[in-house]
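Presented below is the structure to which this report refers.
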Amino acid sequence: MFGSKIDLFNKEWLDVVFAKKNKNYGAYELRQSNAKNTTKSLLIASAIFILLFVGPKIYALIAGILPAPPPEKMIEVTMQPPPPINPEVKTPPPVEPPPPKQDQIKFPPPIVKPDNEVQDEEPPKLEDLKKADPGQKTIEGDPTADIVQIAPAGEGPKQAQVVEDNTVYNFVSMENPPNYPGGLDKFYKYLGDNIKYPPMAAENNIQGKVLVSFTVEKDGSLTDLKVERKLGYGTDEEAMRVLKLSKRWNPGMQNGKPVRVKYNIPISFNLAQ
1 MFGSKIDLFN KEWLDVVFAK KNKNYGAYEL RQSNAKNTTK SLLIASAIFI LLFVGPKIYA
61 LIAGILPAPP PEKMIEVTMQ PPPPINPEVK TPPPVEPPPP KQDQIKFPPP IVKPDNEVQD
121 EEPPKLEDLK KADPGQKTIE GDPTADIVQI APAGEGPKQA QVVEDNTVYN FVSMENPPNY
181 PGGLDKFYKY LGDNIKYPPM AAENNIQGKV LVSFTVEKDG SLTDLKVERK LGYGTDEEAM
241 RVLKLSKRWN PGMQNGKPVR VKYNIPISFN LAQ
């Protein structure tokens, strides 16, 4: 009875369906542009799918054309062993400090004891603590006493005086040795990024290590830069040049104060194979 299928989206059928109806409502226009919008969506989706599928292969092809980055230069640091402990050196006995300038009232921390060992003691009164500092035992102060420092065994107390410590310490025996901001890895990276292989050394295939030493001052600056073991052909001068451009280090600390510390480090010069 029906020789062919009816395409309700055909423009002729649309006019029949929407005859004498409001064609400005939206459905009429949507059905007219339906085929066009569907084709456009399929093309966009196909392009995105092809790009996602082919993109990694294109990236791998481009990455293979670009030259590989140069190998990183390895910087070795030689750590010196700590000095041996001398058993003959004995610690001097403690020296009894002189009386303080201000009175002290015994005010020890509480200690838990059995009931049979407990002895009633009068706690210090508030009026007494206003005139004195709490301490481990009651000591009568000497208002005329000077501030003193404890001297070594066999010597009497000396008047306190500020003595600047300009001793150059060895970093092995330090409480807190000096370090480059961010750690030694950052320092090695700084050397690797800034050292330029001298042309004379490269032409003569010179490879090896330049041993340098320097002093990290109290403010973190580097002084007394020296080449302890030379390699020659411009490598010694290049090592000194890069060290002079280094930023300030974090100074070494001894007894809570910054001190001067000597530091040794080998700088390697290796030609990339």
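full-length UniProt numbering puts the first residue of the sequence shown at 1, with every later residue one more than the last. For glycine and all other residues, C-beta sits at the position ideal for the given N, C-alpha and C.
- Contact check for Val172 against Pro83 passes: the beta carbons are separated by less than 9 angstroms.
- A residue is called buried when at least 16 other Cβ atoms come within 10 angstroms of its Cβ; Val210 meets this threshold and is buried.
- Counted as a single uninterrupted DSSP element, the stretch harbouring Arg248 is not any alpha helix (DSSP H), since DSSP gives it neither H nor E.
- DSSP places Tyr188 in the uninterrupted alpha helix (DSSP H) bounded by 184-194.
- The beta-carbon distance between Tyr180 and Val259, rounded to whole angstroms, is 17 angstroms. This is too long to meet the 8 angstroms contact definition.
- In the three-state reduction of the DSSP assignment, Val242 falls in the helix class.
- Here Thr138 carries a coil assignment [DSSP, helix/strand/coil].
- In chain order, Val210, Val212, Ile267 place their CB closer than 6 angstroms to the CB of Ala239, counting only its own chain and leaving out the 5 sequence neighbours on each side.
- Counting along the chain, the unbroken alpha helix (DSSP H) around Glu203 starts and ends at 199-203.
- Cα atoms of Pro114 and Glu122: separation of roughly 19 angstroms, rounded to the nearest angstrom.
- Two segments are said to touch when three or more pairs of C-beta atoms, one from each, lie closer than 8 angstroms; by this definition the segment 226-234 does not touch the segment 174-190.
- The DSSP-derived three-state label of Leu271 is coil.
- Less than 9 angstroms divides the Cβ of Leu222 from the Cβ of Ser246.
- Short of 6 angstroms from the beta carbon of Ile50, and not among the five residues preceding or following it, lies no beta carbon of its own chain.
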